[in-house]
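Engineer: Encoded as structure tokens, here's the structure I'll be asking about.
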Amino acid sequence: MRGIVVSDLKREEKKQSYKQLNTYLSTYLLSPLKAGLVGFSAFFTILLFAKFVGAMLGSIEVFEIEVADVFFSMLGFVLSVLINILENQNRKGKPAA
Numbered sequence: 236m237r238g239i240v241v242s243d244l245k246r247e248e249k250k251q252s253y254k255q256l257n258t259y260l261s262t263y264l265l266s267p268l269k270a271g272l273v274g275f276s277a278f279f280t281i282l283l284f285a286k287f288v289g290a291m292l293g294s295i296e297v298f299e300i301e302v303a304d305v306f307f308s309m310l311g312f313v314l315s316v317l318i319n320i321l322e323n324q325n326r327k328g329k330p331a332a
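In our numbering, the protein residues as written are 236 to 332.
See the structure below:
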């Protein structure tokens, strides 16, 4: 293939676009999902602990996990995701510390 020159500029542009995409996905998808899982786990653990203590003290006769407990934990997931997204959006305009 004589006479064909492949520019390194195009390769560098592709690398930069992949880095930007990776940064964007990490900031606005992976980080909020991790925070959401932590929020879900925290809410679920607190609910389980409260029900367990209630069952031990006798105020709850049967220790059971209900669908409502999972829904309340999902609320923790949603709140954590929203908080993380808003924090990332707020950091976007500020220089890195």
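Even glycine gets a Cβ: it sits at the ideal position worked out from N, Cα and C.
(1) Could you spell out where the alpha helix (DSSP H) holding Leu-264 opens and where it closes?
(2) Excluding five sequence neighbours on each side, which residues of the same chain lie with their C-beta closer than 7 Å to the C-beta of Ala-214?
(3) On the premise that Ser-308 lies in contact with Phe-279, defined as a C-beta separation below 8 Å, what is that separation, rounded to the nearest angstrom?
(4) Give the straight-line distance between the Cα atoms of Val-273 and Lys-327, rounded to the nearest whole angstrom.
(5) Out of curiosity, what's the CA-to-CA distance linking Val-302 and Phe-284?
(6) From Lys-269 to Asn-323, what does the alpha carbon distance come to, in whole angstroms?
(7) Thinking C-alpha only, which one of Asn-325, Val-305, Ile-318 is nearest Ser-276?
(8) Under 6 Å Cβ to Cβ from Pro-267, same chain only, skipping five residues before and after it: list those, please.
(9) Measure the alpha-carbon distance for Leu-310 versus Leu-282 and round it to whole angstroms.
Structural biologist: Reading off the structure:
(1) For Leu-264, no alpha helix (DSSP H) run applies, since DSSP gives it neither H nor E.
(2) The question about residue 214 has no answer here: the residues shown for the chain are numbered 236 through 332.
(3) Here Phe-279 really is in contact with Ser-308; their C-beta atoms are around 4 Å apart, less than 8 Å.
(4) Cα-Cα distance, rounded: 23 Å.
(5) A straight line joining the alpha-carbon of Val-302 with that of Phe-284 spans about 16 Å.
(6) The alpha-carbon atoms of Lys-269 and Asn-323 are separated by roughly 13 Å.
(7) The shortest C-alpha separation from Ser-276 is found at Val-305.
(8) Result list for Pro-267: Val-316, Asn-319, Ile-320, in chain order.
(9) Those two C-alpha atoms are separated by around 12 Å.
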